[in-house]
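Take a look at the structure set out below.
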Amino acid sequence: MVRPAGRGATDRSGVRKAFAILRLALAGLGAVGLVADFFYTLGFRAFQIDNFFAYFTTQSNMAGVVVLGLSGLLGLAREREPRWLSSLRALVLTYIVVSGIVFGLIAVEANNRGVRVDVPWSSALLHFVIPTIALLDWLLGPGRHPVRWRSALTVLGFPIVWGVITLVRGALIGWYPYFFLDPGQVDGPVAFVLYDVIVLGLISGIAAFVVALSRVRPLGATRSTEWRGPLARLRELVSRRRRRTAPAPSARP
1 MVRPAGRGAT DRSGVRKAFA ILRLALAGLG AVGLVADFFY TLGFRAFQID
51 NFFAYFTTQS NMAGVVVLGL SGLLGLARER EPRWLSSLRA LVLTYIVVSG
101 IVFGLIAVEA NNRGVRVDVP WSSALLHFVI PTIALLDWLL GPGRHPVRWR
151 SALTVLGFPI VWGVITLVRG ALIGWYPYFF LDPGQVDGPV AFVLYDVIVL
201 GLISGIAAFV VALSRVRPLG ATRSTEWRGP LARLRELVSR RRRRTAPAPS
251 ARP
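When we follow this note's numbering, the leftmost residue of the sequence shown carries the number 1, and every step to the right adds one.
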């Protein structure tokens with residue numbers, strides 16, 4: 001069966017626009033989740049507005065709203081987003097996925113200690129639903145570029161700056177967004193350092209995973225050398241070296 005001319009390009013355009021709309025919807029969900037979570041925490045007597053914006057989850061999801069919204073808008077207008085935006089999406093995706101994992105671990109630890117942790121729908125949306133869908137969009141959605149590995153080296157910059165500011169602010173006001181940052185809630189300096197090293201290691205591992213996923217050819221993308229996996233590139237490198245080192249054929253008499 002002969003496919004009509006231009007049918008493949010039309011299909012790819014449809015897939016790209018569908019994922020662009022998905023990113024815009026995710027950005028909208030993120031905004032709704034942030035507003036709803038703000039009003040939920042507003043009901044607590046000890047709630048302070050500036051403390052809400054001090055959470056890593058809040059800041060990473062605010063960044064997610066902006067980045068996903070921008071990626072969605074560009075996805076409606078052009079085939080590929082800028083390479084810098086793909087790198088930025090990888091960083092923000094890492095942060096929102098890590099915030100969900102850390103929240104889940106905190107909830108499990110609190111349950112083990114007999115402490116009740118309420119998870120309103122807004123919190124579930126920010127910590128679990130949006131990170132999961134955003135991760136699937138990153139894997140399958142067209143329009144992104146493969147992210148360079150050196151881009152992952154910058155992933156710790158924001159968490160470290162955020163952590164330092166949080167520690168200084170916590171020492172001044174006596175409040176920390178997470179127990180493992182509060183010297184009074186951990187068992188000494190060794191445990192404090194251990195918790196922080198584990199979190200930084202988790203961030204680095206998730207970043208490496210996200211960068212590796214960026215090498216997978218997304219839906220609707222044409223086959224090209226850009227989407228070859230590491231094994232294919234390694235085989236090509238070995239083949240090139242063999243050709244270079246192979247002896248030249250002898251001249252026939």
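Even glycine gets a Cβ: it sits at the ideal position worked out from N, Cα and C.
When Tyr55, Leu76, Ile49 and Leu126 are compared against Ala31, the one with the closest alpha-carbon: Leu126
Are Ala107 and Val117 touching if we call contact CB-CB under 8 Å? yes
Give the single residue among Gly174, Thr166 and Leu202 whose Cα lies nearest to the Cα of Phe56. Thr166
Could you tell me the distance, in whole angstroms, from the CA atom of Ile130 to the CA atom of Arg241? 45 Å
Beta-carbon contacts of Asp182 that lie in its chain and below 6 Å, excluding the five residues immediately before and after: Tyr176
List the endpoints of the continuous alpha helix (DSSP H) containing Gly205. Gly188 to Leu213
Tyr40, DSSP secondary structure in three states: helix
Would you tell me roughly how many angstroms separate the C-alpha atoms of Ser151 and Arg217, rounded to the nearest one? 19 Å
Kindly provide the ranges of any beta strand (DSSP E) runs that are 3 or more residues long and lie completely inside the region 57-98, ordered along the chain. none
My guess is that Glu81 and Arg16 are in contact by the Cβ rule of under 8 Å, so how many angstroms apart are they, rounded? Actually they do not touch by this definition, with Cβ atoms about 10 Å apart.
With a threshold of 16 other CB atoms inside 10 Å of the CB of Leu136, please say whether the residue is buried or exposed. exposed
When the Cα atoms are used, what is the spatial distance from Arg148 to Leu172? 39 Å
Give the range of the alpha helix (DSSP H) segment to which Pro159 is assigned. Gly157 to Ile173
Here's the rule I'm using: 16 or more other beta-carbon atoms within 10 Å means buried, otherwise exposed. How should Leu68 be labelled? buried
Which word fits Asp37, buried or exposed, when buried means at least 16 other C-beta atoms lie within 10 angstroms of its C-beta? buried
Can you tell me whether Val168 is buried or exposed, with buried defined as 16 or more other CB within 10 angstroms of its CB? exposed
Do Val164 and Ile203 count as a contact pair if the criterion is CB distance below 8 Å? no
If we ignore side chains and look at the alpha-carbon of each, how far apart do Ile141 and Phe19 end up? Per the sequence shown, residue 141 should be read as Gly rather than Ile. Cα to Cα, Gly141 sits roughly 6 Å from Phe19.
When the distance is taken between beta carbons, is Asn51 closer than 8 Å to Ile96? no
My output table needs one value for Asp118: the three-state DSSP class, helix, strand or coil. coil
Relative to the C-alpha of Gly143, which candidate in Arg215, Ala25 and Val102 has its C-alpha closest? Arg215
Neighbourhood of Ala54 by C-beta distance below 6 Å, restricted to the same chain and skipping five residues each side: Pro177
Val210 versus Phe192 - alpha carbon distance: 27 Å
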